[in-house]
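J.:
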Amino acid sequence: MAKIGNIDVGDFPLLLAPMEDVSDPPFRALCKEQGADVVYTEFISSEGLIRDAAKSVMKLDIYEKERPVGIQIFGAVLESMLRSIEIVEASGPDIIDINFGCPVKKVVSKGAGAGILKDIDLMVSLTEAMVKHTNLPITVKTRLGWDHDSIKIVEVAERLQDVGCKAISIHGRTRAQLYKGNADWAPIADVKNNQRMHIPVFGNGDVDTPERAMEMRDKYGLDGAMIGRASIGYPWFFREVKHFFETGTHCAPPTMTERVEAAKRHLQMSIDWKGEKLGVFETRRHYTNYFKGIPDFKQYRMKMVTSDESVDVFAAFDEVLEKFGDFQFS
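Residue numbers (UniProt numbering): 1 to 330.
1) Taking buried to mean at least 16 other C-beta atoms within 10 Å of its own C-beta, is residue 224 buried or exposed?
2) When you compare each of 79, 51, 60, 77 to residue 70 by their alpha carbons, which one comes out closest?
3) With a cut-off of 8 angstroms on the beta carbons, I'd call residue 82 and residue 130 a contact; round off their distance for me.
4) Which residue or residues does DSSP assign as beta-bridge partners of residue 99?
5) Ignore the nearest five residues each way along the sequence and tell me which others in residue 108's own chain have a CB closer than 8 angstroms to its CB.
6) Got a sec? Which residues, its chain only, sit under 8 angstroms from residue 139 by beta carbon, not counting five neighbours each side?
7) If distances are taken between C-alpha atoms only, which option among 210, 44, 194, 76 comes closest to residue 122?
8) Who are the Cβ neighbours of residue 235 in its own chain at under 6 angstroms, not counting the five residues just before and after it?
9) What does residue 16 pair with, by DSSP beta-bridge criteria?
10) Whole-angstrom Cβ separation of residue 7 and residue 137, contact assumed at under 8 angstroms?
11) Give the straight-line distance between the Cα atoms of residue 240 and residue 212, rounded to the nearest whole angstrom.
12) Determine the contact status of residue 277 and residue 317, defining contact as a CB-CB distance below 7 angstroms.
13) Roughly how many angstroms separate the alpha carbons of residue 331 and residue 323, rounded to a whole number?
14) Return the bridge partner residues of residue 74 from the DSSP annotation.
15) Check whether the segment 39 to 54 touches the segment 270 to 287, counting contact only when three or more Cβ pairs, one atom from each stretch, lie closer than 8 angstroms.
16) Residues bridged to residue 153 by DSSP?
17) Determine the DSSP secondary structure at residue 399, reduced to helix, strand or coil.
18) Only counting the same chain, and skipping five residues up and downstream in sequence, which positions put a Cβ closer than 7 angstroms to that of residue 190?
19) Among all the DSSP beta bridges, which residues are the ones paired with residue 169?
20) On the DSSP bridge assignment, give the partners of residue 3 in chain order.
21) Look at the Cβ atom of residue 222, then the Cβ atom of residue 192, and state whether they are nearer than 7 angstroms.
22) From what residue to what residue does the alpha helix (DSSP H) around residue 269 run?
23) Looking only at C-alpha atoms, which of 63, 181, 311, 256 sits nearest to residue 292?
24) Within 7 angstroms of any Cβ in chain D, is that where the Cβ of residue 66 sits?
25) Terminal residues of the continuous alpha helix (DSSP H) containing residue 31?
26) To the nearest angstrom, how far is the alpha carbon of residue 250 from that of residue 17?
27) From the DSSP secondary-structure annotation, give me the bridge partner or partners of residue 280.
28) Can you give the Cα-Cα distance for residue 47 and residue 80, rounded to whole angstroms?
29) Is it buried or exposed, residue 258, if we count other Cβ atoms within 10 angstroms and call 16 or more buried?
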């Protein structure tokens, strides 16, 4: 049984990764319903929080049905990170996660996200200060290193644990790789196999089939899997992994009716939370995967991703159900 601080998160938990403009409350709700054990918010700028930037503050919204839920923040300035903790605590999360892994240039250029992998001492001291500043469990998400020649993840993880980090999620690529090539889970297994490590070690990167999740558990011996891109537009991935673990077989994919109903709920929840314009716009990225595999689907997908009015998107969903209702997904 893995535990983050005093929170039981299950035997080999599946965690929804924090993804910008993806891991919002509507999508987290759908993933939770389909078996995600722990969900994380989009990553939130500490500087944005202390400036009371509307977009950053909005990302603090969490709901009881999501628990356990972690709020993830990023930054490289100690004072800002500590002040942001106080703001985050007011939202009542179960976990605070620090992003030391985002490879995006605008984040890295400020020394935050994966940029801090160039200064491990700062990474450790920031974590230690944040641990001391809150009673909530502090966890870390990071990468193997800045580049192939600077991978010291076993030492880094041990140092983070020693200053009070309660769990670590490691993406199996360096910052230099961005999302190219294959994730390497062997160094993550080295972290787990370090006899001094006693906190959960979660793997991240390329968990895109139930078989891969099982490999992460059985071959690499990790404590859980953090799921990112495989879940976008497909919250059923969590259900499918758990079914495979329990039975060794693949469960039937969601039917067209299930997909349309989920897409409708997703869009409506997004509109309720963000308003019409943003709700319509920011849900678009999910539709390709909701309806992946349907032949001659382009005209319907184009309606979904170009319509600015929700009534037109809902109408497109109804058209899809009417035309493809009997389509059998493989």
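Positions of the beta carbon are idealized from the N, C-alpha and C atoms, including for glycine. None of the values given here were measured: they were computed from a predicted structure.
T.: Short version:
1) The sequence position of residue 224 within the sequence shown is 224, counting from 1. Under this definition residue 224 is a buried residue.
2) To locate residue 70, count along the sequence shown from 1; it is residue 70. Selected option, being the one with the closest Cα: 60.
3) Here the question's residue 82 lines up with position 82 in the sequence shown. Here the question's residue 130 lines up with position 130 in the sequence shown. 7 angstroms between Cβ atoms; contact.
4) Taking the sequence shown and counting its residues from 1, the one referred to as residue 99 is at position 99. Residue pairing from DSSP places residue 99 in a beta bridge opposite 141.
5) Along the sequence shown, one-based indexing puts residue 108 at 108. Excluding positions up to five away in sequence, the list reads 102, 114, 115, 175.
6) Mapped onto the sequence shown, residue 139 falls at position 139. Counting only Cβ-Cβ distances below 8 angstroms, and skipping sequence neighbours, we find 4, 70, 95, 96, 97, 98, 165, 166, 167, 168, 169.
7) Numbered from its first residue, the sequence shown carries residue 122 at position 122. If we check each option's Cα against that of residue 122, 76 comes out closest.
8) Here residue 235 is taken as the residue at index 235 of the sequence shown, counted from 1. The residues are 30, 31, 34.
9) Here residue 16 is taken as the residue at index 16 of the sequence shown, counted from 1. 39, 227.
10) In the sequence shown, the residue the question calls residue 7 occupies position 7. In the sequence shown, the residue the question calls residue 137 occupies position 137. Residue 137 and residue 7 do touch by the CB rule: their CB atoms are close to 7 angstroms apart, below 8 angstroms.
11) Translated into positions along the sequence shown, residue 240 becomes position 240. Translated into positions along the sequence shown, residue 212 becomes position 212. Looking at the two C-alpha atoms, the distance is approximately 12 angstroms.
12) Within the sequence shown, residue 277 is the residue found at index 277, counting from 1. Within the sequence shown, residue 317 is the residue found at index 317, counting from 1. Cβ distance not < 7 angstroms, so residue 277 and residue 317 don't count as in contact.
13) The question about residue 331 has no answer, for the chain in this structure spans 1 to 330.
14) In the sequence shown, counting from the first residue as 1, residue 74 sits at position 74. DSSP links residue 74 through a beta bridge to 45.
15) no
16) Here residue 153 refers to the residue found at position 153 of the sequence shown. Answer is none; residue 153 lacks a bridge partner.
17) Outside the displayed range of the chain (1 to 330) lies residue 399, so it cannot be described from this structure.
18) As a first step, residue 190 is located in the sequence shown; it is residue number 190 there, counting from the start. Excluding sequence neighbours, residue 190 sits near 154.
19) Taking the sequence shown and counting its residues from 1, the one referred to as residue 169 is at position 169. Paired residues: 141, 202.
20) In the sequence shown, residue 3 corresponds to position 3, counting from 1. When beta bridges are read from the DSSP output, residue 3 appears opposite 8.
21) Working through the sequence shown from its first residue, we reach residue 222 at position 222. Working through the sequence shown from its first residue, we reach residue 192 at position 192. Contact flag set, yes.
22) Position 269 of the sequence shown, counted from the start, is the residue given in the question as residue 269. Start and end: 256 to 274.
23) Here residue 292 refers to the residue found at position 292 of the sequence shown. For the residues 63, 181, 311, 256, the minimum Cα distance to residue 292 belongs to 256.
24) Chain labels in this structure do not include chain D; a single protein chain is all it has.
25) Residue 31 sits at position 31 when you count from the first residue of the sequence shown. Element bounds for residue 31: 25 to 33.
26) Residue 250 sits at position 250 when you count from the first residue of the sequence shown. Residue 17 sits at position 17 when you count from the first residue of the sequence shown. The alpha-carbon atoms of residue 250 and residue 17 are separated by roughly 23 angstroms.
27) By 1-based counting over the sequence shown, the position of residue 280 is 280. DSSP output for residue 280 lists no bridge partner at all.
28) Here the question's residue 47 lines up with position 47 in the sequence shown. Here the question's residue 80 lines up with position 80 in the sequence shown. Roughly 6 angstroms separates the two Cα atoms.
29) What you label residue 258 is simply residue 258 of the sequence shown in a count that begins at 1. When all chains shown are included, residue 258 counts as exposed.
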